[in-house]
Structure formats: C-alpha cells, structure tokens
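Colleague:
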Amino acid sequence: MARLSYADLSHPEAKPLVDRIVAERGGVLHLYQMLLHSPAVASGWLNYLTSIRQLSTLPGDLRELVIMRVAVINGAPYEADQHAPIALKEGISQAQLDALDEWESSDLFSQAERAVLAYTDTMTRHVQVPQPVFEAARQAMGTDKLMVELTATVAAYNMVSRFLEALQVHSHDDR
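All letters in the sequence shown, in the order written, are residues 260 to 434 by my numbering.
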C-alpha cells in the first residue's frame, strides 16, 4: 500500500491534466495519480517522460533495456511491471529480461547492449562514470544525440524508480 493516498482525479486543479494523461496514455497509472497531488510537478514529469519515451530517437529496445535494468537495480517492481510488456514489444526477449540480474555473465546481450547496460549500472550505482565505460557506450551509440538521449533515459528512470519506491507505489494498490 502506498504511503500516501492517491490524488482525487476529479479535483478541479487536476482535471485538465487528467484529461491530457487519458488522451495520451489511455488512462491514469498509479504513478500519475500519486503525482497529481501536485499538478505542476505531474505536468513537468509528463512532459519530460513523454520526451524520453516518445520523442527520443534512442532505439526502443535499448530504451526498454535501460528501464528494465534500472528497475532491477533499484528494486522497483512497479516500473518493471509497467515496462516488461513494452520491452517485449520492442524486441527484448523474455530470456534477456530474465537474465538482467546477471547480464555480465550472460551471452544473450550484444556488445552494444552490454555497453549500454554497463553505462546504466554505473550511472545508477555510482553516478560518476569512468571514461572507459563512457567511451564504450559512446561508441555503441554512435552520435552525441543518442548519447545524450541514453544518459537522459537512465537518469529519468532512476528518478521514476526512486519516486515510486520512496512512496511505495505499486500496481496492486487500491485507489
């Protein structure tokens, strides 16, 4: 159960944003219902995450691999529950998802995926990224634009998991 109650979606201050979320995403996830306690924060969050998920040119399989790895490292089941089906649709295999805990000893990941996973692990666990890890990810990305998008994706989903876990937001919560 979440540490705070979920926001009232019919509150007049939240209504325009609720309508936008429903139009863009089909419904209001637990995450957004918690964020709607502060419509200003929820609005900024929605804009940022829409840019990361829908406007970025980072390939979808790499984006979802990053998101799922962040969820594993941070122990964020809600994030994993929401993104596992998306990862599968983007071409990540169930075997790869199952191997994310021990990706370093798995042969299921390409060299580019391994570079992205190492970068994700380092950013998530240590914040500072040593030059060799950065260079491997940069080579895998190929352009500065993709490197920025990769970095922003890792950072964004660390933000998501930290918010979810601090407030104990989970898929099975009653709203």
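Virtual Cβ for every residue (Gly too), placed ideally from N, Cα, C.
Return the chain-ordered list of same chain residues with a C-beta closer than 8 Å to the C-beta of A261, the five sequence neighbours on each side being excluded.
Modeller: H289, M293, L426, Q427, V428, H429 and D432
Colleague: Quick check: what's the CA-CA separation for P298 versus L276?
Modeller: 7 Å
Colleague: Within 10 Å of its beta-carbon, does L295 have 16 or more other beta-carbons around it, so buried, or fewer, so exposed?
Modeller: Classification of L295: buried, given that the 10 Å Cβ count is 16 or more.
Colleague: Is the beta carbon of L263 less than 8 Å from the beta carbon of A335?
Modeller: no
Colleague: Measure how close the beta-carbons of A395 and A411 come, nearest whole angstrom, since I'm counting them as under 8 Å.
Modeller: Actually they are not in contact, since the Cβ atoms of A395 and A411 sit about 18 Å apart, beyond 8 Å.
Colleague: Rounded to whole angstroms, what's the CA-CA distance from Y378 to T316? Just pull it up for me.
Modeller: Rounded to whole angstroms, Y378 to T316 spans 18 Å at the Cα level.
Colleague: Can you check which of these residues, L376, L405 and A343, is closest to V392 by C-alpha distance?
Modeller: L376
Colleague: How about V413 and T383: are their beta carbons less than 8 Å apart?
Modeller: The answer is yes: Cβ separation under 8 Å.
Colleague: Go through the segment 270-325 residue by residue and report every complete run of the beta strand (DSSP E) that reaches 3 residues or more, in order.
Modeller: none
Colleague: Just mark N333 as buried or exposed, buried being the case when its beta carbon has 16 or more other beta carbons within 10 Å.
Modeller: buried
Colleague: Please report the Cβ distance between L359 and M400, rounded to the nearest whole angstrom; I am assuming they are in contact, meaning their Cβ atoms lie under 8 Å.
Modeller: Contact flag wrong, Cβ pair sits at about 20 Å.
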